[in-house]
Amino acid sequence: MNTSSNSFASHHKTAIFALLAAAIILLLECFAFNLQFWSTLGASRDSVSALNALGPGLSRQKDGTLLVTDPTTAFLTTQSDGSSPYIRVDPAESTFRFTTPSEVLGFADASQNTENATKATSKAPSTAFRLRVDAAGHSSRVRSVSTLISNSRYLRVPDFKASSRATDIKVWVDEPAGTRVDIAAVHANVRVPFHASWGRVAAMAGIVALIALWMPSSTLWRWRLDTSSVRQRLAFAGFMSVIAALAVFSIVRSIWTANSANFQEPGNYTYDFNQYGHMADALLHGRASLDLNVPQALKDMANPYDPQAREAVLQKGVSPIYWDYSFYQGRWYSYFGVLPALLIFAPYRLATSLFVPGGSMLPSGAAVAFLLFVFVLFGSLLVIRLLKLLNPRTSVATVSMAITLFLLGSQVGYLAFRMNFYSVPFAASLALSTMGLWFWYGSTLPHCHTLTIERASALSWPHLAAGSLCMAANFGCRPTFALVALLAFPIFWPQIRAICTRSATAGKARKHKTTIGVLVSILLPALVVVVPLCMYNAIRFGSPFNFGERYQITVADMTHYRNSPANLLPTLGYYLFLPLRFTHDFPFIAVNPTPVTSWSYAEPVVGGLFTLCPALAIIVLPLVPRVRKRIRHSGLLRLVVAALPLALLLLFVDIVKGGIGWRYMVDFGWLVAMSAIVVVGAILGDARPCRNKEKTMPQPHSNPRDDEKAAPLPQQNSYHRLVRSGLRFRQLTMSETLRPGIDWGLVALRLVMLLLTLASIAIALLTVFVPGREDALTRTNPALFQAVASWFIVA
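Numbers in our numbering are just positions in the sequence shown, counted from 1, shifted up by 332.
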């Protein structure tokens, strides 16, 4: 009866919360986000003219659009009667909907100074541009406008004061000369229509859902992680189904919209983004070099890696010179790891050859989508396995929050945004590394086909071999990730110590056999992958460890380039702690400058790792003895202690070899995130409610219950170690978990983690829309940018 009443009360509270949240969302959408509508109900909607007077820097085109001829005098003028604080930008299509431009342009040409108008070009007018409004001696900020998004076309008059006096308004077009913009007219005294955005409602509902799932009193904090539970397995399958659906959609879209991905202009480099496709073709035809044309002038150059010498050759019309390809001994190569080309691009080419003569090249975006799905799958499974090892009584809320933190901290969002060939090796190595660690940590669980090691947990040799195979495969994707294999030492340290320690009870033959078995399980799969890759490098560049990156055609002579030592510390600070730069307009953050003493490559970035994902700051908590003690009992402290220096090592490699690149954060960010999730599991404790009703409290170090005592065994395996570590963890937290009343410390921890995680999610989403970043949406998809930006235009 008590259980059913508690369940009824819980459902009742959930229903009340849902209704309250729905009411708040409705009020926000109808009133707060539609203040423009309510404040312009009294607008006169009068206009001084159908078309505007134009400044000398604008000329009217035959299709009704405007051409910027002089940005210093590119403006339109209109007049406000004081009844509305907004003006509206009208495109040519809506202005001339019921007539043709030629019927009214004669009036426009006669009444306006357009004798300097130029002929319309064949280039389509821009539907996204920047405008500034001047009125009564005040100027607004420059704002982006898209005529494809209705809400975006309304601009506020600066320092507006309602009055009956006429006020002259000047609207400036802030675009360079030669830009044709889809503006027919601007009108004042307008009434802003009521606009309900389902996307905005969905975003608010998503925020409410996350708060409901992770708030300290949520039911998920009381549910214990149980990997054998059918309900929890179905929930995880549902989550992965959503990720799979997104991946399939991205793959289909990439293939359906695929183009040549080859761009060339006279006197410039050739940009060909099919590096992996060309590598796959070379492999299928038994070649090491790429089948690309090599100009004789490039072969004859004394130093083809000198950018200035290449510029001189380009100016003479020499073509093609492929950007970011490796050029060695008169042939083109790719310095990217060959394994994705062998395992993904080549099979696609062969499969499509059944329908298309010669087959088709797989777009890089499709490969990235597939690899990211594999990473999310095995990354999530790795988080679950680590938290299960840390504390068998961990909550489902902790697991879901840890998975979110791991994905955010790994900067996988950057790869999902820039799905070109640069992202392929990063996505592949992320997938392989998480898969390898998942296998390795699974090797200590109860299995058949185990290698018995005295005084340490037995190891499953199939899991050891599979993990080693995945780790070694990094050598053929992004070679720096191969250093992740060093984590084998902290993971298998008990087994390594047991093997190396002489035992009086074990015979030398048995010990020798175990050692050989472990070494074969680890080294043989690695050699199967690494040896062919080394031979492939030797065939191309004469050395097994030369991937050709020093021969790339890029902004500097990479055969001699090394980042200046004076840049190391500033670049380190930028990678980790570059602060966010906030702005007044959407997306409210902007790219931040990263000045260094000497020149080095610098991609526009928004912030450092710990500012892009503030929740990672909890990585400092192992300095607290109590937290460190909890992690040590699970054996995962070795992982935390080893992963952070390894992340720092990879960071220094990126600084020395690459400079500042947002994608390079992927190399070390996931290792920091993996350490952070261990801390999350340690500080959030057992699955339990914040309010405890027990009237008695066991002693902190009391013995476990009789039914929980582990019977002595002749040999400890990982399962019994897991049980005992869980009991020790429970004993450490017993005095906290059973005190009657509300555990305010636990409430505070859960609230802090909730806020940090929500902040990290918000920053990750906003960075997608930042202007000035690589492949910025303001350039690649301005309509989407303006559609989301219009959500935040409320006054």
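Quick reminder that beta carbons are idealized off the backbone N, C-alpha and C, glycines included.
Non-local beta-carbon contacts of A870 in its own chain, meaning distances under 6 Å to residues more than five positions away in sequence, involve P876 in chain order.
Where W504 is concerned, the enclosing beta strand (DSSP E) starts and stops at T499 to V505. The beta carbons of F365 and R532 sit closer together than 8 Å.
In summary, T943 is buried, with 16 or more beta-carbon neighbours lying within 10 Å of its beta-carbon over all protein chains present. Looking at the backbone, the Cα of I921 and that of R1105 are separated by about 11 Å. V816: not part of any alpha helix (DSSP H); DSSP gives it neither H nor E.
Cβ neighbours of P936 within its own chain (closer than 6 Å, five residues either side excluded): V923, G1104 and R1105. Assigned with DSSP and collapsed to three states, N899 falls in helix.
The Cβ atoms of V489 and Y601 lie no closer than 8 Å to each other.
Taking all protein chains shown into account, A350 has fewer than 16 neighbouring C-beta atoms within 10 Å of its C-beta and is therefore exposed.
Measuring C-alpha to C-alpha distances from K989 to each of A577, W931, C945 and V938 identifies W931 as the nearest. Take the alpha-carbon of H795 and the one of H617: they are about 35 Å apart. A direct Cα-to-Cα measurement between A520 and D466 gives close to 13 Å. Its chain contains V400 and P403 as the residues whose beta carbon lies nearer than 8 Å to that of P508, once the 5 sequence neighbours on both sides are disregarded; these appear in chain order. About 7 Å separates the Cβ atoms of I716 and T559, confirming a contact at the 8 Å cut-off. Just so you know, the alpha carbons of Y680 and M547 end up roughly 46 Å apart. Annotation: the region 691–762 contains the following complete segments of the alpha helix (DSSP H) (minimum length 4 residues), in chain order: 696–722, 728–741 and 744–749. In this structure, L718 lies near I1009, with their beta-carbon atoms less than 8 Å apart. The Cβ-Cβ distance between G1073 and R1023 falls below 8 Å. The beta carbon of F879 sits closer than 7 Å to those of Y667, P811 and N869, all from its chain and outside the five residues before and after it, given in chain order. By the neighbour-count criterion, in which a residue is buried when 16 or more other Cβ atoms sit within 10 angstroms of its Cβ, M867 is exposed.
Three or more pairs of CB atoms, one per stretch, sit closer than 8 Å, so the region 745–763 contacts the region 688–701. Here the alpha carbon of P1021 sits roughly 9 Å from the alpha carbon of D1075. Distance from the CA of F677 to the CA of G691, rounded to the nearest whole angstrom, comes to 11 Å. Considered as a whole, the region 530–618 harbours 530–546, 562–588 and 607–616 as its complete alpha helix (DSSP H) runs of no fewer than 4 residues, in chain order.
Counted as a single uninterrupted DSSP element, the alpha helix (DSSP H) harbouring V959 occupies residues P957 to S966.
Counting of Cβ neighbours within 10 angstroms places K720 among the buried residues, the total reaching 16 or more. Taking a C-beta distance under 8 Å as the contact criterion, F1000 and A1019 do not qualify as a contact pair.
Burial state of Q827 is buried, judged by a 10 Å Cβ sphere holding 16 or more other Cβ atoms. Comparing C-alpha distances from S471 to each of F492, Q1118 and M1006 shows the shortest one belongs to F492.
8 Å or more divides the Cβ of A759 from the Cβ of A804. For Q411, the uninterrupted beta strand (DSSP E) run begins and ends at F407 to S412, by DSSP. The DSSP-derived three-state label of R787 is coil.
In the three-state scheme derived from DSSP, where H, G and I count as helix and E and B as strand, F914 is classed as strand. Inclusion of L762 and F807 in the CB contact set at 8 Å is not warranted, their separation being larger than that value. Taking 8 Å as the cut-off, the beta carbon of R462 is found closer than this to the beta carbon of S476.
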